[in-house]
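Here the structure comes first, spelled out in structure tokens, and everything after it is commentary.
Protein chains: 2
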Amino acid sequence: MKDTLKIGLLGLGTVGTGVLTLLKEHQEKISQVTGMNVVIEKAFVRNLETKQAQAEEYGLSLTTSIDDILEDKEIQIVVELMGTIEPAKTYIMKALEKGKHIVTANKDLLAQHGSELVALAQKHHCDLYYEASVAGGIPILRTIANSLAADNIQQVLGIVNGTTNYMLTQMVSADKSYEEALAEAQALGFAEADPTNDVDGIDAAYKMVILSQFAFGMNVSLPQVDIRGIRGLSLDDVAMAKQLGYEIKLIGSAEQNENSISVEVAPMLVNQKHPIASVRNEYNAVFIKSAGVGESMYYGPGAGAKPTATSVVSDLITIAKNIRLATTGHMFNSYQHKTQLTSSENVFGQYYFSLDVPDTPGQFLQLTQLMTKAEVSFDQLVQQKSDGQRARIVAITHQISKAQMQQVVIAIQNTEAFQLLNVMKVIGDE
Amino acid sequence: MKDTLKIGLLGLGTVGTGVLTLLKEHQEKISQVTGMNVVIEKAFVRNLETKQAQAEEYGLSLTTSIDDILEDKEIQIVVELMGTIEPAKTYIMKALEKGKHIVTANKDLLAQHGSELVALAQKHHCDLYYEASVAGGIPILRTIANSLAADNIQQVLGIVNGTTNYMLTQMVSADKSYEEALAEAQALGFAEADPTNDVDGIDAAYKMVILSQFAFGMNVSLPQVDIRGIRGLSLDDVAMAKQLGYEIKLIGSAEQNENSISVEVAPMLVNQKHPIASVRNEYNAVFIKSAGVGESMYYGPGAGAKPTATSVVSDLITIAKNIRLATTGHMFNSYQHKTQLTSSENVFGQYYFSLDVPDTPGQFLQLTQLMTKAEVSFDQLVQQKSDGQRARIVAITHQISKAQMQQVVIAIQNTEAFQLLNVMKVIGDE
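First to last, the sequence lines map onto chains A and B.
Counting in our numbering, the first sequence tops out at residue 431, every number present.
Counting in our numbering, the second sequence tops out at residue 431, every number present.
Put into structure tokens, the structure is as follows:
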């Protein structure tokens with residue numbers, strides 16, 4: 002007769018239901034791998050009635066009082082699937098103080114209060130796992146923590162928001178406008194009614210904060226991430242990028258420069274030959290460049306009940322094994338490094354500029370002079386279209402620093418005749 | 002003062018040197034993660050003189066006597082990087098009998114004698130890790146064992162041989178012939194002087210045997226894998242595939258059907274929209290379709306000294322942690338299932354047939370009749386080119402069983418006027 006490992010669930014939405022289903026379907030396999038019967042004992046919900054049928058189906062009890070779970074000594078693991086900061090944070094902290102291990106999919110919480118929770122888990126010798134918080138079904142955190150421990154990661158590029166990637170794929174491959182693509186993503190249930198967190202890059206930034214912690218051992222805070230979303234991206238830029246051999250993607254980028262890192266989220270031009278360019282629709286991918294392995298990429302669904310539940314259950318299995326082997330209390334990510342940010346003089350990249358200029362002689366010259374002053378040279382320079390009055394010029398620079406890019410932006414903005422339409426980083430050209 | 006974990010190395014070629022370099026470069030990080038100083042103490046080599054300078058650089062001793070390592074009680078882990086079956090197998094078995102943990106990159110050995118070695122490791126409570134044996138730098142075995150433990154894998158598609166993928170990429174994108182592509186792969190050091198193992202699909206088959214063990218818990222032997230390589234693949238088929246929207250790739254495929262699996266290696270037509278179609282040159286990728294996560298893919302370099310060494314070192318770190326926590330002796334892959342193979346009546350797929358037929362009326366009809374008799378219907382049917390005497394017909398079927406495919410092949414071969422040029426499975430169309 003095997004031991005039973007009892008779990009308390011906070012929140013019984015689609016992911017919670019997915020966890021129940023997976024544990025039931027894979028009961029035998031999980032018991033074989035962990036040596037225990039892993040069972041959800043209780044679920045904390047807001048409304049007992051709406052969840053009653055489900056509770057009966059899976060044989061668990063429901064409660065609207067958090068203490069029923071926190072004070073239950075037999076419950077060894079708490080799975081938090083409520084989302085947002087409060088009350089999730091308070092509940093997790095109380096559970097840790099009671100010596101319960103935690104699995105959570107809460108990216109907002111981990112990105113903003115991760116260090117505090119990790120420290121508390123350490124203090125109480127508890128496990129705290131959150132694989133599902135980044136890129137849903139892709140086991141990227143575990144991969145970085147375990148398999149790349151002997152490597153030196155130089156760059157992490159992530160398509161870590163499925164909603165915006167779906168929208169961009171539709172804009173690129175079906176010539177849909179930003180508004181049409183957003184409406185479609187909302188109709189399909191990818192985007193919320195208020196799409197701010199997705200389209201403004203905030204959701205992606207949360208995930209990049211967590212990824213940076215794993216890849217570089219550094220705790221970057223959200224205000225230290227340069228964030229720009231895809232709101233209002235024009236089809237002109239999308240078409241121009243395509244014509245030049247690029248796809249526009251919302252990229253979360255974290256790069257190391259000696260002992261410092263820079264983290265940003267922005268729409269970028271990705272060379273069509275770069276592996277991350279082929280990531281379509283709602284899929285996510287994390288591309289890693291490292292000294293040992295070289296280039297690797299991890300691709301899969303970034304959201305959805307089943308993929309997220311799969312990551313939650315693999316965290317549960319990890320903790321179950323740790324409990325059995327009496328090895329709990331080790332950090333999910335034990336790699337720690339002093340956090341230092343790269344100054345904009347030392348962040349390098351190629352940049353795409355698109356400008357609206359008067360269709361008169363001398364505009365190319367003026368732009369060239371302005372760029373030369375910032376010591377910026379071109380890789381490509383294209384005049385795209387003209388209505389006889391105004392023309393559109395697109396320039397892709399060679400490698401320049403972010404500071405130089407900013408200098409050029411200011412110079413363009415100070416040139417009355419020029420209107421700056423967009424600036425985006427270009428990746429994958431080397 | 003931290004404990005020192007001493008390692009014996011068998012073979013000091015490029016991968017062995019890579020391991021030494023990584024351990025040196027990441028000394029601090031590894032010591033932080035494992036709580037120990039991980040040190041290569043001795044290396045077993047054939048020729049002392051040629052390796053002397055290297056030994057001095059890394060401060061290790063050399064020996065030409067295997068017993069110097071096997072009998073050294075302070076050496077807790079043996080890393081085998083000699084390749085081929087013997088004497089590697091004997092040395093690993095002796096080391097396990099002495100209670101030493103093993104890391105190896107030896108795919109031939111694991112594919113052919115894996116169960117025996119795993120059982121011996123179990124008997125002596127030793128760890129046996131071999132992440133580097135499949136897909137070099139991609140941590141795919143660990144991912145399946147840990148992160149997909151709560152999932153139900155239905156299909157594994159692998160581009161697991163870099164040499165042939167490089168050749169095929171050159172044939173597709175640069176219109177090079179098979180012979181030219183092979184010569185180029187050899188010049189770049191990807192292909193051996195005798196390329197048999199690569200081009201005939203044997204290397205890929207070894208890796209699929211190991212992957213099947215992890216994905217389905219089943220021990221498939223090499224003779225149970227249907228193996229066909231890319232030797233002599235014609236540019237006509239490559240061009241035709243491209244025109245129809247496919248890339249020809251050497252795919253290792255393992256598929257589950259209820260409680261049985263089928264494993265094969267063959268050139269297949271991959272729909273250009275399938276993620277694995279975009280894997281270029283010497284890169285490897287493993288695409289997994291599973292009930293929980295859905296579609297995921299793991300991409301990276303399949304070979305090379307540094308990527309392979311990175312996987313070896315991550316295995317070393319895993320064992321170091323296990324030793325520290327006194328949790329050694331657990332199987333790398335603990336998922337076990339009764340091995341059962343799917344009969345060819347129950348393996349389904351779409352197939353591409355290319356035929357050379359007389360350029361006379363009635364050929365399409367005859368082919369259609371023959372297919373209809375086997376209850377096979379077409380998705381696409383194209384007459385490609387004709388010299389007035391002979392024409393080339395290409396057909397892509399709907400989903401049929403492998404048995405039906407074989408029936409059609411026999412019927413075509415028995416039709417005197419028809420010459421069957423090629424048959425390949427088609428993937429990614431659903």
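Where is the CB? At the ideal position from N, CA and C, for every residue including glycine.
- Along the beta strand (DSSP E) that carries residue 323 of chain B, what are the first and last residues, could you check? Residue mapping note: residue 323 of chain B aligns to position 322 of the second sequence, counting from 1. Here residue 323 of chain B belongs to no beta strand (DSSP E); instead the alpha helix (DSSP H) covers 306-326.
- Task: Determine the direct distance from the alpha carbon of residue 247 of chain B to that of residue 272 of chain B, and round the result to whole angstroms.
- Result: By 1-based counting over the second sequence, the position of residue 272 of chain B is 271. By 1-based counting over the second sequence, the position of residue 247 of chain B is 246. Distance between the alpha carbons of residue 272 of chain B and residue 247 of chain B: 4 Å.
- Query: Do the CB positions of residue 355 of chain B and residue 393 of chain B come within less than 9 Å of each other?
  - Reply: As a first step, residue 355 of chain B must be located in the second sequence, where it is residue number 354. As a first step, residue 393 of chain B must be located in the second sequence, where it is residue number 392. Yes; because the gap between Cβ atoms is below 9 Å, this pair is in contact.
- Query: Any Cβ of chain A within less than 9 Å of the Cβ of residue 214 of chain B?
  - Reply: Within the second sequence, numbered from 1, the residue matching residue 214 of chain B stands at position 213. Chain A, which has no Cβ nearer than 9 Å to the Cβ of residue 214 of chain B, makes this no.
- Give me the Cβ distance between residue 103 of chain A and residue 122 of chain A, rounded to the nearest whole Å; I'm assuming they're in contact under 8 Å. Position 102 of the first sequence, counting from 1, holds the residue named residue 103 of chain A. Position 121 of the first sequence, counting from 1, holds the residue named residue 122 of chain A. Indeed they touch by this definition, with Cβ atoms about 7 Å apart.
- Message: Going by C-alpha to C-alpha distance, which of A:313, A:367 and A:269 sits closest to residue 352 of chain A?
- Response: Taking the first sequence and counting its residues from 1, the one referred to as residue 352 of chain A is at position 351. The shortest Cα separation from residue 352 of chain A among A:313, A:367 and A:269 belongs to A:269.
- Which residues bound the alpha helix (DSSP H) around residue 97 of chain A? The residue given as residue 97 of chain A occupies position 96 in the first sequence. Segment 89-98, the alpha helix (DSSP H) holding residue 97 of chain A.
- Task: State yes or no: is the C-beta of residue 198 of chain B nearer than 8 Å to some heavy atom of the ligand ATP?
- Result: Absent from the structure shown: the ligand ATP. Ligands present: none.
- Message: Contact criterion: CB-CB distance below 9 Å. Does residue 462 of chain A meet it with respect to chain B?
- Response: No statement about residue 462 of chain A is possible, as the shown extent of chain A runs from 2 to 431 and does not include it.
- Roughly how many whole angstroms lie between the Cα atoms of residue 296 of chain B and residue 75 of chain A? The sequence position of residue 296 of chain B within the second sequence is 295, counting from 1. The sequence position of residue 75 of chain A within the first sequence is 74, counting from 1. Whole-angstrom Cα-Cα distance: 36 Å.
- Boundaries (first-last residue) of the alpha helix (DSSP H) holding residue 365 of chain A: Taking the first residue of the first sequence as position 1, residue 365 of chain A is located at position 364. 364-374 is the extent of the alpha helix (DSSP H) around residue 365 of chain A.
- Query: Taking the continuous alpha helix (DSSP H) assigned at residue 380 of chain B, which residues delimit it?
  - Reply: Mapped onto the second sequence, residue 380 of chain B falls at position 379. Element bounds for residue 380 of chain B: not the alpha helix (DSSP H) but the beta strand (DSSP E), 379-387.
- Can you check whether the CB of residue 286 of chain A is closer than 9 Å to the CB of residue 1 of chain A? Residue numbering for chain A in the displayed model covers 2 to 431; residue 1 of chain A lies beyond these limits and cannot be assessed.
- Within the 9 Å Cβ cut-off, does residue 319 of chain B reach chain A? In the second sequence, the residue the question calls residue 319 of chain B occupies position 318. By this cut-off, residue 319 of chain B is an interface position.
- Task: Closer than 9 Å, Cβ to Cβ, to anything on chain B: give me those residues from the segment 149-160 of chain A, in chain order.
- Result: 149, 150, 151, 152 and 153
- Task: Using only alpha-carbon positions, find the residue among B:407, B:322, B:311 and B:151 that is nearest to residue 347 of chain B.
- Result: In the second sequence, the residue the question calls residue 347 of chain B occupies position 346. Ranking B:407, B:322, B:311 and B:151 by Cα distance to residue 347 of chain B puts B:407 first.
- Item | Separation of residue 289 of chain B from residue 214 of chain B, as counted between CA atoms | Counting from one through the second sequence, the residue named residue 214 of chain B turns up at place 213. Counting from one through the second sequence, the residue named residue 289 of chain B turns up at place 288. Cα to Cα, residue 214 of chain B sits roughly 14 Å from residue 289 of chain B.
- Task: Using a Cβ cut-off of 9 Å (strictly closer), state whether residue 274 of chain B contacts chain A.
- Result: Numbered from 1 along the second sequence, position 273 holds the residue referred to as residue 274 of chain B. Yes, residue 274 of chain B counts as interfacial toward chain A.
- Query: Can you tell me whether residue 399 of chain A is buried or exposed, with buried defined as 16 or more other CB within 10 angstroms of its CB?
  - Reply: Here the question's residue 399 of chain A lines up with position 398 in the first sequence. Label assigned to residue 399 of chain A: exposed.
- Message: Helix, strand or coil, according to DSSP, for residue 339 of chain B in the structure here?
- Response: Residue 339 of chain B sits at position 338 when you count from the first residue of the second sequence. Three-state DSSP puts residue 339 of chain B in coil, outside helix and strand.
- Grab me the residues of residue 216 of chain B's own chain with a C-beta within less than 7 Å of its C-beta, minus the 5 sequence neighbours each way, in chain order. The sequence position of residue 216 of chain B within the second sequence is 215, counting from 1. The answer, listed in chain order, is 145, 154, 157 and 255.
- Item | Contacts that residue 143 of chain B makes with chain A (C-beta to C-beta distance below 7 Å) | For the purposes of this step, residue 143 of chain B is identified with residue 142 of the second sequence, where counting begins at 1. What residue 143 of chain B touches in chain A: 147 and 148.
- Nearest residue (CA-CA) to residue 106 of chain B, options B:16, B:250 and B:329: Position 105 of the second sequence holds residue 106 of chain B. The residue with the shortest Cα to Cα distance from residue 106 of chain B is B:16.
- Task: List the whole-angstrom C-beta distance separating residue 211 of chain B from residue 314 of chain B, where the pair is believed to meet the contact cut-off of C-beta under 8 Å.
- Result: Locating residue 211 of chain B in the second sequence gives position 210, counting from the first residue. Locating residue 314 of chain B in the second sequence gives position 313, counting from the first residue. So it is not a contact: roughly 19 Å between Cβ atoms.
- Query: Do residue 151 of chain A and residue 318 of chain B have their CB atoms nearer than 9 Å?
  - Reply: Residue mapping note: residue 151 of chain A aligns to position 150 of the first sequence, counting from 1. Residue mapping note: residue 318 of chain B aligns to position 317 of the second sequence, counting from 1. Result yes, Cβ atoms of residue 151 of chain A and residue 318 of chain B sit closer than 9 Å.
- Message: Does the CB of residue 339 of chain A have a neighbour CB from chain B at under 9 Å?
- Response: The residue labelled residue 339 of chain A in the question sits at position 338 within the first sequence. Cβ-Cβ to chain B under 9 Å: no for residue 339 of chain A.
- Item | N-terminal and C-terminal residue of the beta strand (DSSP E) that residue 114 of chain B is part of | Against the second sequence, residue 114 of chain B aligns to sequence position 113. From DSSP, residue 114 of chain B is part of no beta strand (DSSP E) but of the alpha helix (DSSP H) over 108-124.
- Task: Consult DSSP for residue 229 of chain B and reduce its assignment to one of helix, strand or coil.
- Result: Indexing the second sequence from 1 puts residue 229 of chain B at position 228. Looking at residue 229 of chain B - three-state DSSP - the assignment turns out to be coil, as it is neither helix nor strand.
- Query: Can the beta-carbon of residue 231 of chain B be found closer than 9 Å to that of residue 168 of chain B?
  - Reply: If you number the second sequence from 1, residue 231 of chain B lands on position 230. If you number the second sequence from 1, residue 168 of chain B lands on position 167. Cβ atoms of residue 231 of chain B and residue 168 of chain B: closer than 9 Å.
- Message: Within 9 Å of any Cβ in chain B, is that where the Cβ of residue 326 of chain A sits?
- Response: To locate residue 326 of chain A, count along the first sequence from 1; it is residue 325. Yes, its Cβ sits closer than 9 Å to a Cβ of chain B.
- Message: Taking CB distances under 9 Å as the criterion, tell me whether residue 82 of chain B reaches chain A.
- Response: As a first step, residue 82 of chain B is located in the second sequence; it is residue number 81 there, counting from the start. Chain A, which has no Cβ nearer than 9 Å to the Cβ of residue 82 of chain B, makes this no.
- Task: Starting from the beta carbon of residue 311 of chain B, find every residue of chain A whose beta carbon is closer than 7 Å, and list them in chain order.
- Result: As a position in the second sequence, residue 311 of chain B is number 310, starting the count at 1. Under the 7 Å cutoff, chain A gives 151, 152, 293 and 294.
- Query: What residues of chain A sit near residue 114 of chain B, judged by a beta carbon separation below 7 Å?
  - Reply: Indexing the second sequence from 1 puts residue 114 of chain B at position 113. Under the 7 Å cutoff, chain A gives no residues; its nearest Cβ is about 24 Å from residue 114 of chain B.
- Which runs of the alpha helix (DSSP H) spanning at least 4 residues fall entirely within the segment 188-232 of chain A, listed in chain order? 197-200 and 203-217
- What residues from chain B crowd round residue 139 of chain A, counting only those whose CB sits closer than 7 Å? Here the question's residue 139 of chain A lines up with position 138 in the first sequence. Going along chain B in sequence order, the residues near residue 139 of chain A (Cβ under 7 Å) are 297.
- Query: If you draw a straight line from the C-alpha of residue 218 of chain B to the C-alpha of residue 111 of chain B, how long is it?
  - Reply: For the purposes of this step, residue 218 of chain B is taken as residue 217 along the second sequence, with counting starting at 1. For the purposes of this step, residue 111 of chain B is taken as residue 110 along the second sequence, with counting starting at 1. For residue 218 of chain B and residue 111 of chain B, the distance between alpha carbons rounds to 14 Å.
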